[in-house]
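Report on the following structure.
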Amino acid sequence: MMEAPITEIFCSVQGEGPYVGNRQVFLRFAGCNLNCTYCDTNVQISETCRYEQDPGSGIFRYVKNPLSPCEVEELIDPFMNVHSLSLTGGEPLLYADFISELNVGVPLYLESNMTLPDMAKRVKDCISFVSGDVKLPEAFQGEKLNSHIEKTIETFKILRKTDYRDCFCKIVITKNTNSLDVLNVVAAIRNYISCIVLQPVTQFELRPNIRVLLELQNELLGDIDTLIIPQTHKMWGCL
Ligand code: SF4
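Quick note: the sequence shown uses the working numbering, first residue 1, plus one each step.
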């Protein structure tokens, strides 16, 4: 059976995007295939996974990594009344085979950087919600930018919105964002998604100009439902 390194497991509410406020269990995978400039997540693989059994308590116990799907199922079993299980990271698609073996009894909500199309094919039938990021040139650190964008478009196509799966696109906007980059990528994926979420970056020193952001939303609204939603969980200090 597949095993995966997990950073943390806890129950909280979704802090981003159109499902903000919904109660979820979070399964944060370690490791990422990208290295974004504004990344504020610890993606290191550690020997243990921290587990908060009592939501909001700040009291953790530590479980040895890697974990099997059965061990994860047991750990999330006590959490009640959840909308879905958020698969987050790092990059969850690095562990596509592990995800396809999960049997948790609640819908799966994938938070992905959408750059691993071959892995996306392996999970497409078991995911109910896709929160797909687009990494724009200023966030992307690497030489193969064109192939990165092509993989992003391909991954959105594979995980596109259907009758049984929602798929939306989240784009972090910084003061360095070129609106034309956003418009170009949205034009390429708009048929695969239900809406766009423009997320002003949380780091104060990188925040975008408000007028530029509102102009971008206005331009996108001519074509597709577009929301501006910041990270809300950081406002009230929950995980
Ligand atoms: S894809 Fe997400 S986790 Fe990975 S480096 Fe970028 S911001 Fe960090």
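Backbone N, C-alpha and C fix where the C-beta goes; we use that ideal spot for every residue, glycine too.
Could you give the distance in angstroms between the alpha-carbon of residue i and the alpha-carbon of residue j?
| i | j | result |
| --- | --- | --- |
| residue 15 | residue 239 | 9 Å |
| residue 71 | residue 122 | 21 Å |
| residue 24 | residue 145 | 34 Å |
| residue 35 | residue 80 | 35 Å |
| residue 161 | residue 33 | 24 Å |
| residue 27 | residue 159 | 20 Å |
| residue 216 | residue 228 | 10 Å |
| residue 137 | residue 92 | 22 Å |
| residue 82 | residue 107 | 9 Å |
| residue 68 | residue 43 | 19 Å |
| residue 117 | residue 164 | 20 Å |
| residue 267 | residue 18 | The chain is shown only over 1 to 239; residue 267 falls outside these bounds and no answer can be derived. |
| residue 237 | residue 230 | 14 Å |
| residue 147 | residue 222 | 28 Å |
| residue 168 | residue 8 | 25 Å |
| residue 166 | residue 235 | 26 Å |
| residue 120 | residue 188 | 18 Å |
For residue i, I'd like the list of residues in its chain whose CB is within less than 6 Å of its CB, leaving aside the five on either flank, ordered along the chain.
| i | result |
| --- | --- |
| residue 233 | 15 |
| residue 11 | 25, 55, 79 |
| residue 21 | 13 |
| residue 5 | 30, 45, 65, 66 |
Can the beta-carbon of residue i be found less than 9 Å from the beta-carbon of residue j?
| i | j | result |
| --- | --- | --- |
| residue 140 | residue 109 | no |
| residue 115 | residue 155 | yes |
| residue 185 | residue 198 | no |
| residue 89 | residue 41 | yes |
| residue 219 | residue 194 | no |
| residue 196 | residue 170 | yes |
| residue 206 | residue 38 | yes |
| residue 131 | residue 150 | no |
| residue 87 | residue 76 | no |
Can you name, in chain order, every residue of its own chain whose Cβ lies under 8 Å from the Cβ of residue i, other than the five neighbours on each side?
| i | result |
| --- | --- |
| residue 268 | Any question about residue 268 goes unanswered here, given that the chain covers just 1 to 239. |
| residue 208 | 173, 174, 175, 177, 200, 201 |
| residue 47 | 64, 65 |
| residue 224 | 186, 190, 193, 195, 196 |
| residue 58 | 52 |
| residue 100 | 122, 123, 126 |
| residue 95 | 2, 4, 29 |
Among residues of its own chain, excluding the 5 on either side of residue i, which ones have a beta-carbon nearer than 7 Å to its beta-carbon?
| i | result |
| --- | --- |
| residue 97 | 2, 122 |
| residue 60 | 50, 51, 52 |
| residue 113 | 34, 91, 133, 135 |
| residue 226 | 195, 196, 198, 217, 220 |
| residue 213 | 173, 198, 200, 228 |
Would you list the residues sitting across from residue i in a DSSP beta bridge?
| i | result |
| --- | --- |
| residue 4 | 67 |
| residue 167 | 130 |
| residue 228 | 198 |
| residue 9 | 27, 51 |
| residue 110 | 87, 130 |
| residue 20 | Residue 20 pairs with nothing; no bridge assigned. |
| residue 123 | According to DSSP, which records beta bridges pairwise, residue 123 is partnered with nothing at all. |
| residue 212 | Its beta-bridge partners do not exist; DSSP assigns none. |
Every unbroken alpha helix (DSSP H) within the region 33-107, with a cutoff of 4 residues, ordered by chain:
Taking 4 residues as the shortest admissible run, the region 33-107 contains the following complete alpha helix (DSSP H) segments, listed from N- to C-terminal end: 69-76, 96-101.
List in chain order: all unbroken alpha helix (DSSP H) runs of 4+ residues lying wholly within the region 174-198.
179-189
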